[in-house]
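K.L.:
Sequence order for the protein chains is H, S and L. For what it's worth, my numbering labels the leading residue of the first sequence as 659, then goes sequentially. For what it's worth, my numbering labels the leading residue of the second sequence as 105, then goes sequentially. For what it's worth, my numbering labels the leading residue of the third sequence as 4, then goes sequentially. Have a look at this one before I ask anything.
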Amino acid sequence: MSRTLMQRLFEPRSIHEIAPGTGVIVYSALFLWTAFVLFPIYWVFITSFKTPVDVNSGPVYLPFIDFWPSLHAWQDLFVFDYKDTLRAYMNSLIIALFSTAGSVLIGSMAAYALARFEYRPKFGVIVMFILVMGVAFYTVGSFGVDWRLASASGIAVFVFLVMSLSRHFKLQLSNGDILFWVISQRILAPIVVVVPIYLMFQQVNLLDTHIAIILTYTVINLPIVVWLMYDFFRSIPFDLEESAQLDGASRLWIFWDIVLPLSRSGLAATTLLVMILAWNEYLLALFLSTSQAQTMPILVAAMNAGERGILWWTMSAVIIVMIIPVIVLAVVLQRFIAKGLLLGAVKG
Amino acid sequence: MTVILDNISKSFGQVRVLHNLSLEVEDGEFLVLLGASGSGKSTALRMIAGLEAVSEGRIEISGRDVTEDLPKNRDVAMVFQSYALYPHKTVAENIGYPLKIRRISRAERDTQVRDVASQVQIDGLLERYPRELSGGQRQRVALARAMVRRPAVFLMDEPLSNLDAKLRGHMRAELKHMQHELGITTIYVTHDQVEAMTLAHRVALLEGGKLQQLAEPKTIYENPESLFVAQFIGSPPMNVAHGRLENGTFIIGNDRIETGGNATVSNAVIGLRAEDCRVVGSGEGQIQASLFANELIGDHTLVTARVGADSLAIKAPKDFDGGYDSDIGIDFDREKLYLFDNDTGERIRRH
Amino acid sequence: MTNNMKTRPGHSRAAHSRGFVEWLDRNSRHIFLWPAVIMILIFSIFPLIASAIMALSRIRFRGGGYNVRFVWFQNFEKQLFGSEQFHFLGTFAGMSILGWLVAALTTVGIAVWIVSYIRSSFTVIGFVGRLITWGFTLGVGWMLAATLFSGHPFGTLGTTLFYVIVGCGIQFIIGLSLAFLCSLPIRGRGFFRVVFFVPLMITPIGVGYAFRMMADTTKGPFSPVWQWAGLKDFAWAADPWAARFFIMIGDSWQWIPFIFVVMLAALESVPRDYVEAAQVDGATGWEIFRDITWPQVVPVAATVLLIRVIEGFKIVDLPNIMTAGGPGIATESMTLHALFAWRSLDLGQSSAVAYLLLFVTVVTCVSFFNLVVLRRVRA
C-alpha cells in the first residue's frame, strides 16, 4: 500500500487529525489572520511608548531595538491632562455600570415576563396611548406647557379613554408580537431618534448629565437583553417556580432568588456584552454630552481636533487605557459570549 | 383538614379539560386521583394548589373558601413529579425554604429542618446539593420540604414516577406509613392503578375530565360502576368478552351463559377477573376458547385464551401446561361475573 | 397540632401588610413588563414620531428659540430630486453606454423576477411586499447605473450600501472560513478563538485611529512598502475608492470576529453523528462541509448575516474618525450625513436623511428576512 505524494500530503491518516499538507495551509491561514488581528493592537501599544520624534521620523517597530520606550505620552495623559482623562474615564465607568445594571434588570424582567405570563394587549389601546402622549409632548414642544403637567394630564386622559373605550377594540396582540416589537427596536438606527431625545432632555434640563446618557443607553440595549435572556428563562422548568409559589414566595422574590441565580451564565454573557456596547458607544454620547458628562470615546474623538494635528502617541495611550479592561474581560469570558450570541441567533 | 371541591370546571380556551368535579376529602384522608394522561387529574390538583385558575366552581380548604386565593395563602404543600428542588441551594436550604419565606428565625428553622430530615432519613445529606443526590434521596428531600411546613393538605403530583420500579415499591410503603403517622390530608395524583390501590383510603377515577367513580380501593375493584373503571383497575385488567344478552342469557359464539337476570341488551359485554377464572377441559366450563399463550409469572401461570376476537387472561396454577392453539374450557362462578352495556359502558345489575 | 400554629402562613402576619404584598404579587405580570415597554415607548416610539414630524418640517433657530414650519415632503424632495441630490443619491450627468446597459439589465432582471413570482405563487401581501423590494432594487440599480457605471460619484446612499453589502459579504465569507478552519481537529484552537474574538470588543473609535495610523504612508508601519511601490506621495484619503476600502477594512477587522464566534459555535454544535456517518461513507472534508455541516448551520448563518446587516447600516464612527466623510462626500455614510446636517442646524434635513436610512434599512432587512432567512429555514 504505497501512497502517492499527493495522498500523503492531503489525506489524513485518521479522522481525528488533518493531513500534513492541509495542515500547512490551515495553519498559514490562521497565523496570517492572527497577525492581521494583533498587529494594529501591537502598533497602538508601542506607539503609546514613542516620543513625537520616534513617530514623526518614520516607522520604528521594535521597542528597545528600534527605539527606546518613553512615558512621554502617558505623562501627557495622566499628568498634564489628567483632569480631562480621569473625568472622562469616570464618566464612562459610571455610565457603563449604571446603564448596564438598568438594561439587564429591566430587560431580564421583561424577558421573564414574556417567557412566563401571557399577555393579550389590545392594539387599539396601544395606539391610543401613543396618540395621547404624542399630543401631550406636542403641547410641551409647541406651546411651552410644563412637561410634568403635560404628561400627568396625558396619562389621566389615557386612563379615562381606556376605561370608556377599551372594550370596543378587538385586535389583540400576543407575547410573540411584543417580543418581536422589542427586538425589532434594534433595526432603528440611533440617528433617527437621537435628535428628539436631545430635545427631550433639553426640555427637562438634563443635557450633558450622567442620567440622560444612562437612561438612553439603558433603552437602546434593552432589545439585546430581552432577546438573549428570553431563551435562558424559557429553559428553566416551570416546576421550580410553582414550587416556590407554594412555599410562599412572591413573584418578585422568586425572580430574584430562583430564576436569576439559575440563569447566571446567560446573565454574565449578556451583562458583559451590554457593558461593552455602553462603554464603546459614540454617536449618542456625541449628542447628549458636551463637557461634564463626556465619555471616553468622545474624549478620544475630540483629540483629533487639536491644532497640532493628531498626537498619535497620546492618542494611542488613551486608546490603550480604554481597551485594556475590555480585552481582559473579553478573553476571560469569550466562551460565555459566544454561547449567548449563538443561543440568540439560533432561536431568534 | 378537609378539602371540598364544589362543581369545579376548567377550560383552556375552547377546550374543557375538567367537567364539574365535586369531591369531599375528609380530615386525614389519603385520596388518590387516578387517571390516564389527559384525564384532568393533574389539572384538578393544580387548581387545588392555586397554580391554575378555576373556571367555574368553588374550592374550600379547612372550611375556608380559597378559590381566589394565591397558592401561598392556601396552606398546602406540593411534591412535584420532577421534585422541583432548587439546584443552587443545598438540601438544608431547600427544606428550610418555606420557613425562610415565612421569616422563621434561623435557629428555629435549623431545628425544624433537622427534625424532618431525620424523619425521612436524610440527616447526613443536609449540606449537599440536589445534583449530588440519587433519585430516591431527591424524593425524600422534596417530601421533607413539603412536611416542614406542616400544611393543612399535602398535594402530590406523581411523586414516584421518576423512580425505578424497585425503589418505587419501597417509597410507596414509606409514604403510606408517613401519611398514617402525620395524619395530614393528602391528595395524590397518579396514572398507576397499583399505586392508587395500595396507597389510597379512597380512589377517584377520572377520565376525559369527568369523575368515573369515587370509592375505597376494595369497592372500586370489586364493584366497578362502569366498563371503564373495571378495565382500568386491576393487574391484569378485567377480561371482557363481547356478545349479546337475551332475557338474562349472555350469548357468545355457541356458548350460552345464564346470568341470572332477565335483561336484554343487544351489544353487551361480560367482565371477569383473571383470578376468578379456571381453565378446564375442552367441552367443560361455561365458555369454549382456544389457548393462545402461557406465561409463567412465578406463583402462577398467566394463560391467555381467545374467544372470538376477545382475549381472556386467566390465572392458572404455576404448573399448568397446555399446548398452544389447543381447545380449552373456561369456568367461573356466576357471582363473579360482571355485565356491562357496551354502548353506554354502564354496569348491568342483576339484582 | 397547636404548637404548629405559629408556623402557619397568614397567622403570623398582620392582615393589612398582606393586602399590599398580595396586591403586588397579583399584579407582578405588569410590574415585570411595563418598565421596559414604557421606556422603549418614551425613547424610541415617541422620538420616532417626533422625528417624522421634524422630517416634514423646516426648523429655524432664531435667537434662543426656534420656529417650526410644516413643509410636507420638501425635505425628502430636496434629498431625492433637489439641491441635495448629489449628496444623497449622487451626481446625475448623463449616462454612459455601460450605465445604460446596467440600467437595462437591472430592469430586465426585475421584470423576470416579477413574472416568475406571479407565475409560481401569488398572495396580495406577498405581492405588495415584493413590490416595495422590486421598486427599491430598481431605484438603487438605476442610481448606480447613472453614477457608478457612468463615471460619476454616488452619494451617501451608495456609500452606505457599499459598506453594508460589500463589507458584510466579505466579513461573512472570511468569518465563516475562519470558523471552519478553527472547527478542524487542529492544535491551538483555544488560542485562535480567543485572539480572533478580541477586535469585536474594541471601541470603534480606537479601531478608526489604529487603522488611520496603519494606513499612513509616511509614518505608518507600512510606509516602507508604500515607498518601495513608489506610492510614497499617494494620499489614500484623497482617493475615494482607496478611502472607502480602508474604512471597509477597518470595519471588517472589527466585525469578522462576530461572524466568526457565532459560526464557530454553530459549526461545533452540529451533531457529531452526522459527520461521522459521512466519514464512514467516505466523504472528504469539503464534501462533508458542503453536504452535512453547511445545511445544518444555514439558519444560524442567515440570522447572523441579518444581524450584521442591521448593525452595518448604522456605521458612523469609522468614517467620521478616519476620513470625516472625505474626500468630499466619498466615504460619508447616511448616519454621518444626518449628523453633519444636524451640525449645520438643519434639523429637517437631518431627520429626513435619518428617515431615509430607516427606510433603506427596513426594506433591505425585511426583504432579506422574508426572501432568504424564512425560505432557508423552511427548506
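Ideal Cβ placement from N, Cα and C applies to all residues, glycine included.
#1: List, in chain order, every chain H residue whose beta-carbon is nearer than 7 Å to that of Val-24 of chain L.
#2: So if DSSP puts Arg-61 of chain L in a beta bridge, which residue, or which two residues, is it bridged to?
#3: I'd like to know whether the C-beta of Gln-950 of chain H is nearer than 8 Å to at least one C-beta of chain L.
#4: Please classify Leu-27 of chain L: is it buried, with 16 or more other beta-carbons within 10 angstroms of its beta-carbon, or exposed?
#5: Which chain H residues are close to Val-180 of chain S, counting only those with a beta carbon under 8 Å from its beta carbon?
#6: Whole alpha helix (DSSP H) runs in the region 209 to 263 of chain L with 4 or more residues, listed along the chain?
#7: Could you check whether Ser-153 of chain L and Gly-233 of chain L sit closer than 8 Å to each other, using their CB atoms as the reference points?
#8: Just the C-alpha distance for Asn-938 of chain H and Thr-109 of chain L, rounded to the nearest angstrom, thanks.
#9: Would you please verify whether the beta carbon of Ala-182 of chain L is less than 8 Å from any beta carbon of chain H?
#10: Count the other CB atoms within 10 Å of the CB of Trp-289 of chain L; is the residue buried (16 or more) or exposed (fewer)?
#11: Who are the neighbours of Glu-675 of chain H on chain S, taking C-beta pairs under 8 Å?
#12: Which class does His-123 of chain S belong to by DSSP, given the choice of helix, strand or coil?
#13: Can the beta-carbon of Phe-827 of chain H be found closer than 8 Å to that of Phe-781 of chain H?
#14: With 8 Å set as the bound, which would you pick, yes or no: does the beta-carbon of Leu-831 of chain H sit closer than that to a beta-carbon of chain S?
#15: Kindly indicate which three-state DSSP category Ser-822 of chain H falls into: helix, strand or coil?
#16: With C-beta atoms as the reference, is Gly-385 of chain S less than 8 Å away from Gly-426 of chain S?
#17: Using alpha carbons as the reference points, say which of S:Asp-359, S:Arg-272, S:Pro-202, S:Glu-362 lies closest to Ala-248 of chain S.
#18: In the DSSP output, what is Lys-780 of chain H paired with across the bridge?
#19: Quick one: does Ser-115 of chain S have its CB under 8 Å from some CB of chain H?
#20: So which of S:Asp-173, S:Gly-449, S:Glu-236, S:Ala-393 has the shortest CA-CA distance to Glu-25 of chain L?
#21: Taking the alpha-carbon positions, what's the Val-245 of chain S to Val-224 of chain S distance?
#22: State the DSSP-derived secondary structure class of Ala-17 of chain L, mapped to helix, strand or coil.
#23: For Pro-895 of chain H, go through chain S and note every residue whose CB falls closer than 8 Å to its CB, in chain order.
#24: Comparing the C-beta of Met-105 of chain S with each C-beta of chain H, is any distance below 8 Å?
#25: Using the beta-carbon count (16 or more within 10 Å), is Pro-260 of chain L buried or exposed?
#26: If I follow the unbroken beta strand (DSSP E) through Ile-137 of chain S, where does it start and stop?
#27: For Val-195 of chain S, collect the residues of the same chain with a Cβ closer than 6 Å to its Cβ; drop the 5 residues on either side in sequence, then sort them by chain order.
#28: Out of L:Val-356, L:Ala-213, L:Val-365, L:Leu-181, which one is the CA nearest neighbour of Glu-87 of chain L?
#29: Within 7 Å: the Cβ of Glu-320 of chain S and any heavy atom of the ligand FAD?
#30: Can a CB atom of chain S be found closer than 8 Å to the CB of Pro-779 of chain H?
#31: With respect to the alpha helix (DSSP H) encompassing Arg-410 of chain S, which residues constitute its N-terminal and C-terminal limits?
#32: Closer than 7 Å by C-beta to Gln-843 of chain H: which residues in its own chain qualify, once you throw out the five before and the five after it? Chain order, please.
#33: Who are Gln-317 of chain S's beta bridge partners in DSSP?
#34: Taking 8 Å as the cut-off, does the region 182 to 193 of chain L touch the region 204 to 219 of chain L (at least 3 CB pairs, one atom from each stretch)?
#35: Please state whether the Cβ-Cβ distance between Thr-1 of chain L and Thr-338 of chain L is less than 8 Å.
#36: In or out: Tyr-719 of chain H buried (at least 16 other Cβ within 10 Å) or exposed?
P.N.:
The answer reads as follows:
#1: Against the third sequence, residue 24 of chain L aligns to sequence position 21. Contact annotation for Val-24 of chain L against chain H: Ser-908 [CB-CB distance below 7 Å, chain order].
#2: Translated into positions along the third sequence, residue 61 of chain L becomes position 58. Looking at the DSSP assignment, Arg-61 of chain L forms a beta bridge with L:Arg-72.
#3: Position 292 of the first sequence, counted from the start, is the residue given in the question as residue 950 of chain H. The beta-carbon of Gln-950 of chain H is placed no less than 8 Å from the nearest beta-carbon of chain L.
#4: Here residue 27 of chain L refers to the residue found at position 24 of the third sequence. In the assembly as shown, Leu-27 of chain L is an exposed residue. Its beta-carbon has fewer than 16 other beta-carbons within 10 Å.
#5: For the purposes of this step, residue 180 of chain S is taken as the residue at position 76 of the second sequence. By Cβ distance, chain H contributes Leu-904.
#6: As far as the region 209 to 263 of chain L is concerned, its whole alpha helix (DSSP H) runs of at least 4 residues are 226 to 231.
#7: Counted from its first residue, the third sequence places residue 233 of chain L at position 230. Counted from its first residue, the third sequence places residue 153 of chain L at position 150. Against a cut-off of 8 Å, the Cβ pair of Ser-153 of chain L and Gly-233 of chain L comes out as no contact.
#8: On the first sequence, position 280 is the one that residue 938 of chain H refers to. On the third sequence, position 106 is the one that residue 109 of chain L refers to. So the alpha carbons of these two residues sit roughly 40 Å apart.
#9: Locating residue 182 of chain L in the third sequence gives position 179, counting from the first residue. No, no contact with chain H.
#10: What you label residue 289 of chain L is simply residue 286 of the third sequence in a count that begins at 1. Per the 10 Å Cβ criterion, exposed.
#11: Taking the first sequence and counting its residues from 1, one reaches residue 675 of chain H at position 17. Scanning chain S for C-beta atoms nearer than 8 Å to the C-beta of Glu-675 of chain H yields nothing, as the closest lies near 36 Å away.
#12: Taking the first residue of the second sequence as 1, we reach residue 123 of chain S at position 19. Reduced to three states, the DSSP call for His-123 of chain S is strand.
#13: The count along the first sequence starts at 1 and reaches residue 827 of chain H at position 169. The count along the first sequence starts at 1 and reaches residue 781 of chain H at position 123. Closer than 8 Å, so yes.
#14: Looking up residue 831 of chain H in the first sequence gives position 173. Not closer than 8 Å to any Cβ of chain S, the Cβ of Leu-831 of chain H fails to qualify, so no.
#15: For the purposes of this step, residue 822 of chain H is taken as residue 164 along the first sequence, with counting starting at 1. Helix.
#16: Translated into positions along the second sequence, residue 385 of chain S becomes position 281. Translated into positions along the second sequence, residue 426 of chain S becomes position 322. Against a cut-off of 8 Å, the Cβ pair of Gly-426 of chain S and Gly-385 of chain S comes out as no contact.
#17: Stepping through the second sequence from its first residue, residue 248 of chain S is reached at position 144. Ranked by Cα distance from Ala-248 of chain S, the first of S:Asp-359, S:Arg-272, S:Pro-202, S:Glu-362 is S:Pro-202.
#18: Residue mapping note: residue 780 of chain H aligns to position 122 of the first sequence, counting from 1. Answer is H:Gln-830.
#19: Here residue 115 of chain S corresponds to residue number 11 of the second sequence, with the count starting at 1. Answer no: the Cβ-Cβ gap between Ser-115 of chain S and chain H never drops below 8 Å.
#20: Walking along the third sequence from the start, residue 25 of chain L turns up at place 22. For the residues S:Asp-173, S:Gly-449, S:Glu-236, S:Ala-393, the minimum Cα distance to Glu-25 of chain L belongs to S:Asp-173.
#21: The sequence position of residue 245 of chain S within the second sequence is 141, counting from 1. The sequence position of residue 224 of chain S within the second sequence is 120, counting from 1. Using only the alpha carbons, I get a separation of about 8 Å.
#22: Looking up residue 17 of chain L in the third sequence gives position 14. Residue confidence is low: Ala-17 of chain L scores 38 on pLDDT, short of 50, so the model does not pin down where it sits. No coordinate-derived value is stated.
#23: Residue mapping note: residue 895 of chain H aligns to position 237 of the first sequence, counting from 1. In chain order: Ser-186, Ala-188.
#24: Residue numbering aside, residue 105 of chain S sits at position 1 when the second sequence is read from its first letter. Closer than 8 Å: no.
#25: The residue you call residue 260 of chain L lines up with position 257 of the third sequence. By the 16-neighbour rule on beta-carbons within 10 angstroms, Pro-260 of chain L is buried.
#26: Locating residue 137 of chain S in the second sequence gives position 33, where the first residue counts as 1. Checking the sequence shown, residue 137 of chain S turns out to be Leu, not Ile. For Leu-137 of chain S, the enclosing beta strand (DSSP E) begins and ends at 134 to 138.
#27: Locating residue 195 of chain S in the second sequence gives position 91, counting from the first residue. Within the same chain, Leu-229, Leu-230, Arg-232, Val-245 come within 6 Å of Val-195 of chain S by CB-CB distance, once the 5 residues on both sides are set aside.
#28: As a first step, residue 87 of chain L is located in the third sequence; it is residue number 84 there, counting from the start. It is L:Val-356.
#29: Ligands in the displayed structure: none, and consequently the ligand FAD is not present.
#30: Translated into positions along the first sequence, residue 779 of chain H becomes position 121. At least 8 Å separates the CB of Pro-779 of chain H from every CB of chain S.
#31: Within the second sequence, the letter at position 306 stands for residue 410 of chain S. Boundaries for Arg-410 of chain S: no alpha helix (DSSP H) harbours it, while the beta strand (DSSP E) harbouring it runs 405 to 411, taken from the DSSP string.
#32: Translated into positions along the first sequence, residue 843 of chain H becomes position 185. Hits under 7 Å: Pro-881.
#33: Here residue 317 of chain S corresponds to residue number 213 of the second sequence, with the count starting at 1. Looking at the DSSP assignment, Gln-317 of chain S forms a beta bridge with S:Leu-309.
#34: No, the region 204 to 219 of chain L does not touch the region 182 to 193 of chain L.
#35: Since the first and last residues shown for chain L are 4 and 382, residue 1 of chain L lies out of range.
#36: Residue numbering aside, residue 719 of chain H sits at position 61 when the first sequence is read from its first letter. It counts as exposed.
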